Amino acid sequence: MDPKEVVEHLVALKVMRLTKPALVSPKIVTCDSKDLPGNILNNYLKDDATSVTQMETLAAGQFLLLPQSFGNIYLGETFSCYVCVHNETNQPVQSVSIKADLQTNSQRILLTTQQNLAPTMLDVDETLSDVIHHEVKDLGTHILVCEVTYMSNYNTLASFRKFFKFEVMKPLDVKTKFYNAESDDVYLEAQVQNITSGPIILEQVSLESSQQFNVKSLNEIDESISVFGDVTLLQPQESCQYLYCLSPRENISKEIKLLAAAKNIGKLDIVWRSNLGEKGRLQTSQLQRMTPDYGEIRVTFERLPNKLFVEEPFDFQCKIVNASERTLDLILKLRSLQDSSLLWCGTSNKKLGPLEPGKSFCVNLTALPINTGLCNISGVSLLDLFLKRTYDYDDVASIYVH
């Protein structure tokens, strides 16, 4: 099989990625002056142009190194490159145009702005260039395709392409945990880990809540002082944790069905800076929680006092919500358990009126603490008169008795 004929084109295409330079530090190899090499290694380090005078062993760089390769590109960063077409002949070249697009596993993105312009003429040693910016939003293999079209010496259109392949990697590993509180609040714990090859600074980590919740950040000591200090610096493989409290909106907290269906929490928006301030941004997909199973009847204790003393009775409210699809006739029973630190005061076997689906009512209760320390409120039972079924509610809430 004959080899393919090599075609020499009238113009040359050059593509260079635009990225921040890196600091160059010397390779530190030293020894004691009494060792066999003597001061040879020490003197070599002092004579190294990249070392800092009087601080040769600190690996502090004072020179900037331009990118020597395409380098690593991480999801959320902005891919920038310089595309240049140069006329290397001794005669003008007519109808020169540039076209560039980026191919991913799922789509093809047109990048260059030159395709909207009319083809231009390049005189001897002239160039036609374009600067491309694109925020990377997909992982995996990306191929930059650059195509140049021009008019050949035979008055026919000639063209050629160049391909540049690179990988887009994941910069951060985000892990989330949800905690459903009895107060209907949802606590989100987010762990952000740096999995890049260099240190990064987390400039912003915020939670954009859905329309079902209001969010409050718990990562500040005061309104403007972060628990992480002025700068959140993460070395490779290091991580930090963020905490947020989400409260359901008023229209949702009043309806047990809407509250049980409120799964969408929101999205985490993370902004970081890497080498010499290069910016990246990453937004997670919609975060979803596992909604608690309220069963047919939900019982919560409200208006509990903050401070209690032993052998002093206290009052609070028991809120009963009908989470079933039928009307309930209930009887409230109070049981003073043998090992309990609380005794109930008042009437047991109290009949409650019909409770329609989705509705609730509150019952005032009184208890007497007989021991100090942390006490669990237990011994509340509800009897369903229709099904003759008893629902026991133990350890629903805890209080501290002085």
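As numbered in our numbering, the sequence shown has no gaps in its residue numbers, which increase by one up to the final residue, 394. Every residue, glycine too, gets a C-beta built ideally from N, C-alpha and C. Model, not experiment: these values are computed from the prediction.
**Asked** For Val21, which residues does DSSP report across the bridge?
**Response** Per DSSP, none; premise fails for Val21.
**Prompt:** Counting pairs of beta carbons, one from the stretch 154 to 162 and one from the stretch 197 to 210, are three or more of them closer than 8 angstroms?
**Reply:** no
**N- and C-terminal bounds of the alpha helix (DSSP H) containing Asn35** = 32 to 39
**Request:** State yes or no: is the C-beta of Gln204 within less than 9 angstroms of the C-beta of Arg241?
**Result:** yes
**Message:** I'd like the span of the alpha helix (DSSP H) that includes Leu366, first residue to last.
**Reply:** It is not in any alpha helix (DSSP H) - Leu366 instead sits in the beta strand (DSSP E) that spans 365 to 369.
**Asked** Taking C-beta to C-beta, are Phe306 and Phe293 nearer than 9 angstroms?
**Response** no
**Request:** Give me the Cα-Cα distance between Cys367 and Arg265, rounded to the nearest whole angstrom.
**Result:** 49 angstroms
**Asked** Counting Cβ pairs, one atom from each stretch, are 3 or more of them under 8 angstroms apart for the stretch 242 to 252 and the stretch 208 to 221?
**Response** no
**Item:** Backbone CA spacing between Ile193 and Ile124 [nearest angstrom]
**Value:** 26 angstroms
**Asked** Is the distance from the Cβ of Leu235 to the Cβ of Ser201 below 9 angstroms?
**Response** no
**Request:** Counting only the same chain and skipping the five closest in sequence on each side, list residues whose C-beta sits under 7 angstroms from that of Glu247.
**Result:** Gly350
**Message:** Starting from Ser121, trace the beta strand (DSSP E) in both directions and tell me its first and last residue.
**Reply:** 119 to 127
**Item:** Option in Leu136, Gly68, Gln83 with minimal Cα separation from Val128
**Value:** Gly68
**Message:** Do Ile262 and Val184 have their beta-carbon atoms positioned less than 9 angstroms apart in this structure?
**Reply:** yes
**Message:** Out of Gly190, Glu118, Ser370, Leu268, which one is the CA nearest neighbour of Trp336?
**Reply:** Ser370
**Asked** Which residue from Ser316, Thr70, Glu0 puts its Cα closest to that of Leu274?
**Response** Thr70
**Message:** Output needed for Thr112: all residues of its chain with C-beta closer than 7 angstroms, excluding positions within five of it in sequence on either side, in chain order.
**Reply:** Val88, Leu120
**Prompt:** Using the rule of at least 16 other Cβ atoms within 10 Å of the residue's Cβ for burial, across every protein chain shown, is Ala182 buried or exposed?
**Reply:** buried
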